[in-house]
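Quick note: the sequence shown, position 247, residue 248 per the numbering used here, numbers continuous.
For every residue, glycine included, the Cβ atom is placed at its ideal position computed from N, Cα and C.
Just so we're clear, the structure is a prediction, and the values are computed from it rather than from any experiment.
A short write-up of the structure that comes next.
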Amino acid sequence: MKDGNKSLEFIVSPTAEAINTQNAGAPPAVSVARRAVFPFTAIVGQEEMKLALLLNVIDPKIGGVMIMGDRGTGKSTTIRALADLLPEIDVVADDPFNSHPSDPELMSDALRERVAQQVEIAIAKKKVPMVDLPLGATEDRVCGTIDIEKALSEGVKAFEPGLLAKANRGILYVDEVNLLDDHLVDVLLDSAASGWNTVEREGISIRHPARFVLVGSGNPEEGELRPQLLDRFGMHAEIRTVKEPTLRVQIVEQRSDFDQNPKEFLEKYEPEQNELQKQLVDAQERLKSVQLDYDLRVKISQVCAELDVDGLRGDIVTNRAAKALAAYEGRTEVTVDDIRRVVTLCLRHRLRKDPLESIDSGYKVQKVFGQVFGLETANG
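Quick look at the structure:
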């Protein structure tokens with residue numbers, strides 16, 4: 002596009018973070034202390050939620066996690082703990098999209114041009130971003146905005162990045178997702194699926210990478226998500242308040258210990274945190290070589306067909322999740338037990354709701370799984 006004799010340039014309004022990282026060679030400011038985050042390995046119970054989150058970190062293409070459960074069950078604590086656990090990533094120092102310094106699929110278009118022109122790029126390290134999406138967020142706040150006035154008067158694409166830019170290569174967390182406007186949920190799910198965010202206004206289009214693990218949480222009492230939107234989440238974890246008194250006491254005591262002396266508490270769990278971090282990094286590498294036998298793939302599809310699951314997302318996600326679990330546990334062959342452990346997480350939210358049926362959807366998935374895989378006796 003031209004404005005008079007001027008070609009339309011591309012300008013991104015720098016975020017405060019980008020300004021601070023421009024001097025990547027300089028030592029970090031000592032005055033900025035990182036807030037202590039409760040360690041992931043210290044979280045008691047909620048195994049279903051933790052497994053779903055870990056598998057999505059190993060393979061983000063699983064498509065995110067929807068966590069439904071009671072209030073005060075540690076949903077946001079667990080998600081923040083996971084983001085803090087992950088190793089630092091390499092980013093381009095002056096780039097507001099957390100662009101990868103060498104992978105073109107994770108670069109903004111403007112950065113690709115600089116790389117093509119062999120411009121030297123400063124590299125910095127940063128923690129995996131964890132972005133909270135506020136309930137009242139507008140589409141402009143989420144996707145970013147284009148300054149049309151500047152585009153027409155000065156011939157520049159002035160782009161103000163949104164939350165999707167900040168979340169690239171990280172985790173985007175939406176609490177009370179069932180209260181979020183359906184249109185915004187659509188935007189988030191589209192970006193999570195495609196890995197790109199496109200902003201178009203008055204004939205001007207800007208796109209940037211937006212690859213993130215989408216985590217939504219909510220309380221079923223406050224309303225369900227539409228089935229079409231629910232189906233777009235890769236996995237669905239259900240969590241309940243812990244009933245066992247001794248476990249409840251353990252959780253309360255751990256939280257109290259952390260609040261009283263975070264430094265000492267974090268040091269106590271540091272070896273476990275480091276071990277889990279290495280396990281996740283190794284699993285990401287191993288994932289490429291994990292094999293899933295053809296007969297097992299056929300049986301997964303048979304389970305989906307017998308449960309009357311619409312579309313093929315259920316088949317695809319179950320395949321991916323089973324492979325991620327095998328990689329996580331250090332294996333390159335998927336077993337029947339891997340599939341059993343992930344199949345409920347991958348399919349329970351894709352079943353058609355029958356208002357007259359009192360049977361739990363998770364039990365129904367396991368029952369059909371047992372029949373197809375010939376394990377009825379093992380599953381009762």
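8 Å contact criterion, which residue i and residue j should meet: CB distance rounded
{"i": "L288", "j": "D60", "result": "6 Å"}
{"i": "I149", "j": "I207", "result": "About 12 Å separates the two Cβ atoms, so there is no contact after all."}
{"i": "L239", "j": "E49", "result": "The displayed chain sequence assigns Glu, not Leu, to residue 239. About 7 Å; that satisfies the 8 Å criterion."}
{"i": "L107", "j": "Q278", "result": "Their Cβ separation, rounded to whole angstroms, is 21 Å, which puts L107 and Q278 out of contact at 8 Å."}
{"i": "G163", "j": "G145", "result": "4 Å"}
{"i": "P102", "j": "R113", "result": "Not quite, the Cβ-Cβ distance comes to about 12 Å (not below 8 Å), so this is no contact."}
{"i": "M69", "j": "G235", "result": "The Cβ separation is near 14 Å, so there is no contact."}
{"i": "V291", "j": "K324", "result": "4 Å"}
{"i": "Q390", "j": "V45", "result": "The requested residue 390 is not part of the displayed model; the chain covers only 2 to 381."}
{"i": "R321", "j": "K62", "result": "6 Å"}
Selection from the options that minimises the alpha carbon distance to residue i
{"i": "R353", "options": "K324, G331 and A306", "result": "A306"}
{"i": "L293", "options": "N198, I240, D104 and T319", "result": "T319"}
{"i": "A84", "options": "A327, P246 and L55", "result": "L55"}
{"i": "E177", "options": "Q119, V335, L134 and Q229", "result": "L134"}
{"i": "R351", "options": "R208, V337, R72 and L313", "result": "L313"}
{"i": "G64", "options": "E268, L215, S103 and P102", "result": "L215"}
{"i": "G315", "options": "E106, T345, L376 and K264", "result": "T345"}
{"i": "N198", "options": "E140, V93 and V253", "result": "E140"}
{"i": "R72", "options": "L326, V243 and V343", "result": "V243"}
{"i": "V129", "options": "D110, D91 and F160", "result": "D91"}
{"i": "L281", "options": "Q372, Y329 and F259", "result": "Y329"}
{"i": "S100", "options": "M67, R36, L52 and G196", "result": "G196"}
{"i": "A94", "options": "R115, A111 and I122", "result": "I122"}
{"i": "V343", "options": "E225, F370 and T333", "result": "F370"}
{"i": "V335", "options": "V304, E245, Y295 and E223", "result": "Y295"}
{"i": "A43", "options": "D191, P263 and Q303", "result": "P263"}
{"i": "L190", "options": "A82, F213 and K368", "result": "F213"}
{"i": "Q229", "options": "D311, S109 and A327", "result": "D311"}
Counted within 10 angstroms of its Cβ, other Cβ atoms place residue i as buried (16 or more) or exposed
{"i": "Y174", "result": "buried"}
{"i": "D339", "result": "buried"}
{"i": "I124", "result": "exposed"}
{"i": "R227", "result": "exposed"}
{"i": "H237", "result": "buried"}
{"i": "S257", "result": "exposed"}
{"i": "N275", "result": "exposed"}
{"i": "Q47", "result": "buried"}
{"i": "G217", "result": "buried"}
Pairwise C-alpha distance: residue j and residue i
{"i": "F39", "j": "Q261", "result": "12 Å"}
{"i": "P97", "j": "A117", "result": "19 Å"}
{"i": "L267", "j": "I80", "result": "17 Å"}
{"i": "V366", "j": "K126", "result": "43 Å"}
{"i": "S1", "j": "G363", "result": "Here the chain comprises residues numbered 2 to 381, so residue 1 is not present and cannot be evaluated."}
{"i": "D232", "j": "V120", "result": "43 Å"}
{"i": "M2", "j": "L180", "result": "Because the pLDDT at M2 is just 42, under 50, the model does not fix this residue reliably, and the point stays unresolved."}
{"i": "A211", "j": "L165", "result": "6 Å"}
{"i": "A30", "j": "V337", "result": "A caution first: A30 carries a pLDDT of 37, below 50, which makes its placement in the model too unreliable to give a value."}
{"i": "T247", "j": "G75", "result": "17 Å"}
{"i": "D283", "j": "E203", "result": "46 Å"}
{"i": "V188", "j": "M131", "result": "18 Å"}
{"i": "K167", "j": "A159", "result": "17 Å"}
{"i": "F41", "j": "E273", "result": "9 Å"}
{"i": "I301", "j": "Q251", "result": "38 Å"}
{"i": "R298", "j": "R170", "result": "30 Å"}
{"i": "G224", "j": "L185", "result": "17 Å"}
{"i": "G331", "j": "I205", "result": "48 Å"}
{"i": "L357", "j": "V253", "result": "For L357, the predicted model reports a pLDDT of 48, less than 50, meaning its position is unreliable; a value from the coordinates is still stated below. Approximately 39 Å between the Cα atoms of the pair."}
{"i": "L52", "j": "R142", "result": "31 Å"}
{"i": "F259", "j": "A37", "result": "9 Å"}
Extent of the continuous alpha helix (DSSP H) to which residue i belongs
{"i": "R81", "result": "K76 to L86"}
{"i": "D191", "result": "D183 to S195"}
{"i": "M50", "result": "E48 to I59"}
{"i": "R298", "result": "Y295 to E307"}
{"i": "R142", "result": "E140 to C144"}
{"i": "L112", "result": "D110 to A117"}
{"i": "L165", "result": "L164 to A168"}
{"i": "D339", "result": "V337 to L348"}
Enclosing beta strand (DSSP E) for residue i [first to last residue]
{"i": "L288", "result": "It is not in any beta strand (DSSP E) - L288 carries neither H nor E in the DSSP assignment."}
{"i": "V216", "result": "F213 to G219"}
{"i": "E239", "result": "M236 to I240"}
{"i": "P210", "result": "I205 to P210"}
{"i": "L173", "result": "G171 to V175"}
{"i": "I90", "result": "I90 to V93"}
{"i": "K126", "result": "I124 to K127"}
{"i": "G70", "result": "V66 to G70"}
heavy atom of the ligand FMN below 7 Å from residue i C-beta
{"i": "F41", "result": "By its list of ligands, the structure shown contains no ligand whatsoever, and the ligand FMN lies outside what it can speak to."}
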